[in-house]
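Student: The listed protein sequences derive, respectively, from chains Y and G.
Start counting the first sequence at 1; every next residue gets the next number (this note's numbering).
Start counting the second sequence at 1001; every next residue gets the next number (this note's numbering).
Attaching a single structure in structure tokens format; questions to follow.
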Amino acid sequence: MAEEQKIQALDTPAKPLLSGRLRKWLRFARQKPLGATGVAILVLTAIIGVIGPSMTPHEPLKADAYAILLSPNNIYWFGTDVMGRDILTRVILGARVSLYVGIVSMLAAATLGSIIGVTSGYFGGKYDIIIQRFVDALSAFPSLLLAIALMAAFGQSLNNIILALAIIFTPRFTRVIRAVTLSLKEVPYIEAARTIGCSNIRIMALHVFPNTFASVMVVSTASVGTMIIIEASLSFLGVGTPSHIISWGAMLSGDTQAYFSGAPWIGIFPGMALTIVVFGINVFGDALRDILDPKLRGR
Amino acid sequence: MRVYGLLEKPIDSHLKKSRTRMRKYVLRRLLLFIPTLIGVSMAVFTLLRIIPGDIAALILSGPSGELTYTQEDVDELREEMGLNNPIYIQYLNWMSELLRGDLGNSFVTKLSIGEQVRRQLPITMQLAFFSMIVISVISIPIGVLAAVKQDSAIDYLLRSFAILGLAMPSFFVALLVVLILSVGLHWSAPLGFVSLWNDPITSFQQLFFPAIALGFASSGLLVRMTRAQLLEVLREDYVRTARAKGLAEGAVILRHAVRNALLPVITIGGTQIGFLFSGTVIIETIFNIPGVGRGLISALNSRDLPAIQVYIIYFAGIALVSNLIVDLMYAWLDPRIRYG
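Pasting the structure below:
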């Protein structure tokens, strides 16, 4: 007991040396080292994604007939590809597409899913039943396959990938947020809000939605990794990003497969970049889920 | 209300009741399956009709848009394909042909899609079956080991392996497998393909590595599930009882804990079957296997609409059927479900 108090006393100095937010982050890093690694990976990737184009060592699209399939050396750190283009440059620029697709589709799916989930759970009735049948039907498809089908219908473009991913992932958000809304409906403060005459929209926006936020965060971080993998898979299969956009998935397709065993660096670096980013998102998501929603732990 | 005679044991009646409940559950589940299937077929049909541009013009322009055609050609083809009818008439026509077993002809090869799929289907089934074996062999023992040795170095190692498996896209795993095979074993993807019935050994050899690649890529989730479930079960009272009555630790884990822990794992595993089949799309492309997955990709690349339609319905059907089987199996394994 005395020992505990002493530790507590040590833990809370009279004058905080660091600001509250920073200390919170340090505590997070101590409790969840893997999660903190994830954050570090994501911050680094975000920085590369933003300032990447100004720090590339070579021209991303310039083919060089004298530098075809060079192994990694001190000019081309990651080597060059079949057309003599610098792999490092292309890996740096590929981060943009992965992050852009991941973040924008996540925001789109989370927004749509929140609106549909909250209203569906709040109003119930026929509207809820119809929405839930749609959710069930969409969830029946394996996500990569649905993505392929949607891309076949929409045509290849970056925005169509985002649209497809938003359609595929909205049901996941809807399902979770609807469940949370259903349990929130019975809570006294919602009843109180209704008693004092708040409108339905006001209750949903100011009282229900903010309380679903933890779940939204959990589903978001759990989905972004899959979204990025699906984008890469689509680009790998040649139905994702158009050929003029540099994407990690596309860097592994086509000619790369033919030359891969002779020149593994053309595929290994983009593949590793993809794995590291998805790994970062997944471990960050796991840590966040453990903190925000202990019930889901280990799932 | 029934009064039991002396000859009729109540336990029999209880069993009978449970059997009728099970039958009712199966029936309800099967009846729900039909509207879902119709819904999915409608969704796919409508989806592929929203392709920007005229479908007839798209077909006439050829796979890469190099062919020329006149407006008359377009009109003629539209008439021939029934594209001038309202969409629900088109759907009903297509559905009635589908139900009669006529899957239509490919735009590109002009051959019957049904024939094509019948040729490709056994190969994909075989690949999926092999990788399911790989997944069970990899993920269940690893998950059990990680749970039993919780928080040890082995646990951390195995868990990192699982997290890595989840983070690696399956095409990257497959390419690495190919790399290891070609550099280490001087193996290369076979050009032709031998069916299981003609030459089982060669056929097995051909699918062995692709199945490993697909299996590894899909086992991360199941490792984590097995571990988490087993950890939960190990805290149950009946496990403590089993230990208290002096059973060997191995028997406690295998006979009491693992059996119960695997139930939810089977459910998750079952829902993964659909994902496994969509994984065959990638693996078949990389390993050059003439299965349904590669069929879908070549249909996509040549914009062969009727074929795309059939392939997508086929994959969705597999996912739905495997979900159905899992639900039924689950109810059969766990009596609590059918009483619910």
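By construction, the Cβ of each residue, glycine as well, lies at the ideal position given by its N, Cα and C atoms.
Threshold first: 4 residues or longer. Then list the alpha helix (DSSP H) segments lying entirely within the stretch 157 to 208 of chain Y, N to C.
Tutor: 158 to 184, 188 to 195
Student: May I ask you to report which of helix, strand or coil DSSP gives S247/Y?
Tutor: Taking the first sequence and counting its residues from 1, the one referred to as residue 247/Y is at position 247. Residue state, collapsed to three classes: coil.
Student: I need the DSSP call for K86/Y, collapsed to helix, strand or coil.
Tutor: The residue labelled residue 86/Y in the question sits at position 86 within the first sequence. Checking the sequence, you will find Asp at residue 86/Y rather than Lys. DSSP, read as helix, strand or coil, puts D86/Y in strand.
Student: Report yes or no: is there a C-beta of chain Y within less than 7 Å of the C-beta of G1005/G?
Tutor: Numbered from 1 along the second sequence, position 5 holds the residue referred to as residue 1005/G. Unreliable positioning characterises G1005/G in this predicted model, as indicated by a pLDDT of 47, which lies under 50. A coordinate reading is not provided.
Student: Within a Cβ cutoff of 6 Å, which residues of the same chain sit near G1005/G, ignoring the five residues on either side of it in sequence?
Tutor: Start at 1 with the first residue of the second sequence, and residue 1005/G comes out as number 5. Residue placement at G1005/G is poorly supported in this model, since its pLDDT is 47, which falls under 50; the coordinates still yield a value, given next. There are no such residues.
Student: Quick check on P1086/G: buried or exposed, where buried means 16 or more other Cβ atoms within 10 Å of its Cβ?
Tutor: To locate residue 1086/G, count along the second sequence from 1; it is residue 86. So P1086/G counts as exposed.
Student: If the cut-off is 7 Å on Cβ atoms, which residues from the stretch 242 to 266 of chain Y count as contacting chain G, listed in chain order?
Tutor: L252, Q257, F260, S261, P264
Student: Would you mind reading off the limits of the alpha helix (DSSP H) that contains D1155/G?
Tutor: Walking along the second sequence from the start, residue 1155/G turns up at place 155. Its alpha helix (DSSP H) spans residues 1153 to 1167.
Student: Taking 8 Å as the threshold, find out whether the stretch 130 to 148 of chain Y comes into contact with the stretch 189 to 198 of chain Y through three or more Cβ pairs.
Tutor: no
Student: Would G1270/G and V1326/G be called neighbours here (beta carbons separated by less than 7 Å)?
Tutor: One-based indexing of the second sequence puts residue 1270/G at position 270. One-based indexing of the second sequence puts residue 1326/G at position 326. Yes, Cβ-Cβ distance for G1270/G and V1326/G is below 7 Å.
Student: Report yes if the C-beta distance between G155/Y and L93/Y is below 7 Å; otherwise report no.
Tutor: Stepping through the first sequence from its first residue, residue 155/Y is reached at position 155. Stepping through the first sequence from its first residue, residue 93/Y is reached at position 93. No, they are not a contact pair.
Student: Helix, strand or coil: which one does DSSP assign to T80/Y?
Tutor: Sequence index remark: in the first sequence, residue 80/Y carries index 80 (1-based). The answer is strand: DSSP assigns T80/Y an E or B state.
Student: Could you give the uninterrupted runs of the alpha helix (DSSP H) lying entirely in the stretch 1074 to 1118 of chain G, keeping only those of 4 residues or more?
Tutor: Counting whole runs of 4 or more residues, the stretch 1074 to 1118 of chain G contains the alpha helix (DSSP H) stretches 1087 to 1099.
Student: Nearest CA to the CA of Y1368/G: which residue from Q1309/G, R1029/G, R1259/G?
Tutor: Because chain G here runs from 1001 to 1340, residue 1368/G falls outside it and cannot be looked at.
Student: What is the DSSP secondary structure of E1236/G, reduced to helix, strand or coil?
Tutor: As a working mapping, residue 1236/G is identified with position 236 in the second sequence. Reduced to three states, the DSSP call for E1236/G is coil.
Student: What first and last residue would you give for the alpha helix (DSSP H) that runs through T37/Y?
Tutor: By 1-based counting over the first sequence, the position of residue 37/Y is 37. Unbroken alpha helix (DSSP H) run through T37/Y: 33 to 55.
Student: Count Cβ pairs between the stretch 1224 to 1244 of chain G and the stretch 1294 to 1309 of chain G that sit closer than 8 Å; are there 3 or more?
Tutor: Below 8 Å, too few C-beta pairs join the stretch 1224 to 1244 of chain G and the stretch 1294 to 1309 of chain G to call them touching: fewer than three.
Student: Would a C-beta distance cut-off of 7 Å place S120/Y and R202/Y closer than the cut-off?
Tutor: In the first sequence, the residue the question calls residue 120/Y occupies position 120. In the first sequence, the residue the question calls residue 202/Y occupies position 202. It is not a contact, given that the beta carbons lie outside the stated cut-off.
Student: Kindly say whether P1306/G, judged by its beta-carbon, lies nearer than 7 Å to any beta-carbon of chain Y.
Tutor: Within the second sequence, residue 1306/G is the residue found at index 306, counting from 1. P1306/G is outside the set of residues whose beta carbon lies under 7 Å from a beta carbon in chain Y.
Student: For A1056/G, collect the residues of the same chain with a Cβ closer than 7 Å to its Cβ; drop the 5 residues on either side in sequence, then sort them by chain order.
Tutor: Locating residue 1056/G in the second sequence gives position 56, where the first residue counts as 1. The answer, listed in chain order, is V1074, L1077, R1078, M1081, L1083.
Student: My assumption, with CB atoms under 8 Å, is that S223/Y sits in contact with A109/Y. Please give the rounded CB distance.
Tutor: Position 223 of the first sequence, counting from 1, holds the residue named residue 223/Y. Position 109 of the first sequence, counting from 1, holds the residue named residue 109/Y. S223/Y to A109/Y, Cβ: 7 Å. Contact.
Student: Specify the secondary structure class of T241/Y as computed by DSSP and reduced to three states.
Tutor: Within the first sequence, numbered from 1, the residue matching residue 241/Y stands at position 241. In the structure shown, T241/Y sits in coil (DSSP, three-state: anything other than H, G, I, E or B).
Student: Does the beta carbon of F284/Y sit closer than 7 Å to a beta carbon anywhere in chain G?
Tutor: On the first sequence, residue 284/Y is found 284 positions in, with the first residue counted as 1. Using a CB distance cut-off of 7 Å, F284/Y does not count as an interface residue toward chain G.
Student: Between the Cα of Q1126/G and those of F1277/G, A1043/G, E1232/G, D1151/G, spot the shortest distance and give me the residue it belongs to.
Tutor: Translated into the one-based positions of the second sequence, residue 1126/G becomes position 126. Of F1277/G, A1043/G, E1232/G, D1151/G, the residue nearest in Cα terms is F1277/G.
Student: Between which two residues does the alpha helix (DSSP H) carrying G285/Y extend?
Tutor: Here residue 285/Y corresponds to residue number 285 of the first sequence, with the count starting at 1. Segment 265 to 292, the alpha helix (DSSP H) holding G285/Y.
Student: Going along the chain, which residues of its own chain have a beta-carbon closer than 7 Å to the beta-carbon of G49/Y, five neighbours each way excluded?
Tutor: Here residue 49/Y is taken as the residue at index 49 of the first sequence, counted from 1. These residues qualify, in order along the chain: A95, R96, L99.
Student: Measuring CB atoms only, is the stretch 1206 to 1221 of chain G touching the stretch 1163 to 1179 of chain G, in the sense that at least three cross pairs come out at less than 8 Å?
Tutor: yes
Student: Going by the beta-carbon positions, is the gap between V1040/G and A1316/G smaller than 7 Å?
Tutor: Working through the second sequence from its first residue, we reach residue 1040/G at position 40. Working through the second sequence from its first residue, we reach residue 1316/G at position 316. For V1040/G and A1316/G, yes; Cβs fall inside 7 Å.
Student: Excluding five sequence neighbours on each side, which residues of the same chain lie with their C-beta closer than 8 Å to the C-beta of V1026/G?
Tutor: Along the second sequence, one-based indexing puts residue 1026/G at 26. Excluding sequence neighbours, V1026/G sits near L1328, A1331.
Student: Would you report the Cα separation of S143/Y and E231/Y, rounded to the nearest angstrom?
Tutor: The sequence position of residue 143/Y within the first sequence is 143, counting from 1. The sequence position of residue 231/Y within the first sequence is 231, counting from 1. Whole-angstrom Cα-Cα distance: 11 Å.
Student: Nearest to G271/Y by alpha carbon, out of P210/Y, V91/Y, L112/Y, G124/Y?
Tutor: Against the first sequence, residue 271/Y aligns to sequence position 271. Nearest neighbour of G271/Y by Cα position, chosen from P210/Y, V91/Y, L112/Y, G124/Y, turns out to be V91/Y.
Student: Go ahead and pull the three-state DSSP assignment for T1036/G.
Tutor: In the second sequence, residue 1036/G corresponds to position 36, counting from 1. If DSSP states are grouped into helix, strand and coil, T1036/G belongs with the helices.
Student: What are the start and end residues of the alpha helix (DSSP H) that includes P1264/G?
Tutor: The residue given as residue 1264/G occupies position 264 in the second sequence. P1264/G -> alpha helix (DSSP H) spans 1259 to 1287.
Student: Between the stretch 265 to 282 of chain Y and the stretch 240 to 251 of chain Y, do at least 3 Cβ pairs fall closer than 8 Å?
Tutor: yes
Student: Mind checking which residues open and close the alpha helix (DSSP H) that includes S1298/G?
Tutor: For the purposes of this step, residue 1298/G is taken as the residue at position 298 of the second sequence. Residue range 1292 to 1301 is occupied by the alpha helix (DSSP H) that includes S1298/G.
Student: Would V174/Y and G113/Y be called neighbours here (beta carbons separated by less than 7 Å)?
Tutor: The residue labelled residue 174/Y in the question sits at position 174 within the first sequence. The residue labelled residue 113/Y in the question sits at position 113 within the first sequence. Before going further, note that residue 174/Y is Thr rather than Val in the sequence given. Yes, Cβ-Cβ distance for T174/Y and G113/Y is below 7 Å.
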